[in-house]
Every structure is written in structure tokens, then in C-alpha cells.
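Working notes, beginning with the structure itself.
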Amino acid sequence: MDSEPSKRNGTWKFTLYFDTEAAFKVTDKYDNIKGEDLMTKYKSLVGVDEDILRVNVYEVPLYKWQITKPLLFHMFVVFETQNWWWSIDKDSNGITLQRSKRSDAALYTIRQKRRLPGVQMMLRDEGNMSMHTLLYRLYLAGELKKEYDNNDRNCKHFATSVFNKVAKNKEIVSVHYTAFKR
Numbered sequence: 001m002d003s004e005p006s007k008r009n010g011t012w013k014f015t016l017y018f019d020t021e022a023a024f025k026v027t028d029k030y031d032n033i034k035g036e037d038l039m040t041k042y043k044s045l046v047g048v049d050e051d052i053l054r055v056n057v058y059e060v061p062l063y064k065w066q067i068t069k070p071l072l073f074h075m076f077v078v079f080e081t082q083n084w085w086w087s088i089d090k091d092s093n094g095i096t097l098q099r100s101k102r103s104d105a106a107l108y109t110i111r112q113k114r115r116l117p118g119v120q121m122m123l124r125d126e127g128n129m130s131m132h133t134l135l136y137r138l139y140l141a142g143e144l145k146k147e148y149d150n151n152d153r154n155c156k157h158f159a160t161s162v163f164n165k166v167a168k169n170k171e172i173v174s175v176h177y178t179a180f181k182r
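Per my numbering, the very first residue in the sequence shown carries number 1; after that it's consecutive.
Shown next, in the form of C-alpha cells:
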């Protein structure tokens, strides 16, 4: 079943949902990592810190049939480290972090459901920090306390902020998205 962000119950939880292996439904999932526990619980679940080698921002339509796709879309970030592929999303339910040994699982699933068709890369770059450092910076910025807001704190703001924190050079893939370059 495809996952449409607008069809999810919009109840912000102030917690991080973490899926330890997005490619398999039988893995451990944690839906209650609170801001104050973010660094300790996350580090114990993840283990070894890894440098982010690549960071990519993607867009995906909000609906299966959508003529407003150039304006209305969901944005998320995918990271490549030495041993994992990671994705991070913000929607009206909260922030989702998932990882997988398979790039397609990080790219085409969200909370164990298929994303809608039409995932396209918007931005890409080399990484300039580790996963632990990124999570620490998100913690310091209070991201789990920032409820989703369609106008001011949505997936686009979040993905752009994450990209700008992690990206080394801010390489633009499409001229359409030059507003996201610092």
C-alpha cells in the first residue's frame, strides 16, 4: 500500500520513530524516542558512529494523481554511510529516521509502507559530518519540539535544514530548486 502523507493521522508525538532495518517488517522499530533521550537511546540502538558519505534530497508527490506536483510535494533526505542507507522525514506525525542495508528501502519506503511513485532527486552532495553529529545538531535545534506546520515548519523546511547542515558543497541538481542553496 502506498503511503500518502496527507492521509496519515496528523498527531504530532514529539518523538522520533526509528526503524532499524527498513527493508524488513520483522525488525525493531522505536516510536517513542523523546528529545531528552535522543542521543543516549539513539547511540545505543545504532552503535558505531559512521560518517555521512553522500546526502540527497528527494521529492515525492502528495497524491497519486496530482497536477500541482511542481508546487505541492513531500521532501525527505537520504544519507549514505559506509554500512547503511538512511532516510529522515518530517510529516504531521513526527520525525522518522530509518536505515537499511538496501538503498531502495531507504528511498522507497516510509514506516514500512511504499512511498508513492514519482520519487525524484532534487539536491545532492558529499556529507561533512557523522550520523551521531547530525542527530546531536537536530537535538540542539529542538527539532522534536517543533510541531509540523504547513506554512512554517513543514517537510520542505526540515529537509532543506538537514541538507544545509550535512552538505559539503550544496550541489544543485535542478535549476528549479535554486532557492534551497545557501
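The C-beta atom is built at its ideal place from N, Cα and C for all residues, glycine as well.
Remember, it's a predicted structure, so these values are computed and weren't measured experimentally.
Just so you know, the alpha carbons of Ser130 and Leu62 end up roughly 30 angstroms apart.
Burial check for Arg114: the Cβ neighbour count within 10 Å stays below 16, so the residue is exposed.
Shortest Cα-Cα distance from Gln98 to any of Arg137, Val119, Phe76, Pro117 involves Phe76. Between Val78 and Leu53, the C-beta spacing is not below 7 angstroms.
A distance below 7 angstroms separates the beta carbons of Ser100 and Glu21.
Within the same chain, Cβ atoms closer than 7 angstroms to the Cβ of Lys43 are found at His132, the five residues on either side in sequence being excluded. Excluding the 5 residues flanking it on each side, Asp149 has no same chain C-beta neighbour closer than 7 angstroms. The beta carbon of Glu126 lies closer than 8 angstroms to those of Leu53, Arg54, Val55, Ala167, Lys168, Asn169 in the same chain, with the five residues before and after it left out. Under the three-state reduction of DSSP output, Arg137 falls in the helix class. For Leu97, the uninterrupted beta strand (DSSP E) run begins and ends at 94-100, by DSSP. Per the C-alpha coordinates, the member of Gly118, Leu45, Thr81, Ile110 positioned closest to Ile95 is Ile110.
By the CB criterion at 7 angstroms, Leu144 and Phe14 fall inside the cutoff. Taking the Cβ atoms as the reference, Leu116 lies roughly 27 angstroms from Lys165, outside the contact range of under 8 angstroms.
Within a 10 Å sphere around the beta-carbon of Asn93 sit 16 or more other beta-carbons, which makes this residue buried. Counting along the chain, the unbroken beta strand (DSSP E) around Ser87 starts and ends at 85-91.
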